[in-house]
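Scroll down for the structure; my scribbles are underneath it.
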Amino acid sequence: MTTTKLDWSKILKSGQRIFIGSHAAVPTALIDDLIENAKNLHDIEIVQLMTLSDNKWAGPQYQQLFKVNTFFIGGDTVRT
128 MTTTKLDWSK ILKSGQRIFI GSHAAVPTAL IDDLIENAKN LHDIEIVQLM
178 TLSDNKWAGP QYQQLFKVNT FFIGGDTVRT
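Each residue of the sequence shown is one higher than the one before, starting from 128 at the first, in my numbering.
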């Protein structure tokens, strides 16, 4: 089975709200593209249930780009 990589840069727009699932539902391709295109984005709200994985978007270098709303905060997000 082959998969086609989506071109998220055509889908992601500044000012959008993005829901990121947790555990097995974490969209790693979306997260990687968020980080890859961060310099072209602003005012992105990230909504999620839990932050137990590698939360690249919560790093200090992205504080002005991404606003994170979460219902449970794990270690990676609490440190920022």
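The C-beta atom is built at its ideal place from N, Cα and C for all residues, glycine as well.
Span of the alpha helix (DSSP H) around residue i
| i | result |
| --- | --- |
| threonine 155 | 155-163 |
Reduced DSSP secondary structure (H/G/I, E/B, other) of residue i
| i | result |
| --- | --- |
| asparagine 182 | coil |
CB-CB length for residue i against residue j, believed under 8 angstroms
| i | j | result |
| --- | --- | --- |
| lysine 194 | glutamate 163 | Actually they are not in contact, since the Cβ atoms of lysine 194 and glutamate 163 sit about 19 angstroms apart, beyond 8 angstroms. |
| aspartate 192 | leucine 168 | Looking at the sequence shown, residue 192 is not aspartate but leucine. Rounded, the Cβ-Cβ distance is 6 angstroms, consistent with contact. |
| isoleucine 147 | isoleucine 138 | Contact flag wrong, Cβ pair sits at about 14 angstroms. |
| glutamine 175 | serine 149 | 6 angstroms |
| serine 136 | aspartate 160 | 6 angstroms |
| tyrosine 189 | alanine 165 | 6 angstroms |
Residue interval of the beta strand (DSSP E) (run including residue i)
| i | result |
| --- | --- |
| threonine 197 | 193-199 |
| leucine 139 | Here leucine 139 belongs to no beta strand (DSSP E), and DSSP marks it neither H nor E. |
| leucine 176 | 171-177 |
Buried versus exposed, by CB contacts within 10 Å (16 or more), residue i
| i | result |
| --- | --- |
| asparagine 196 | exposed |
| alanine 185 | buried |
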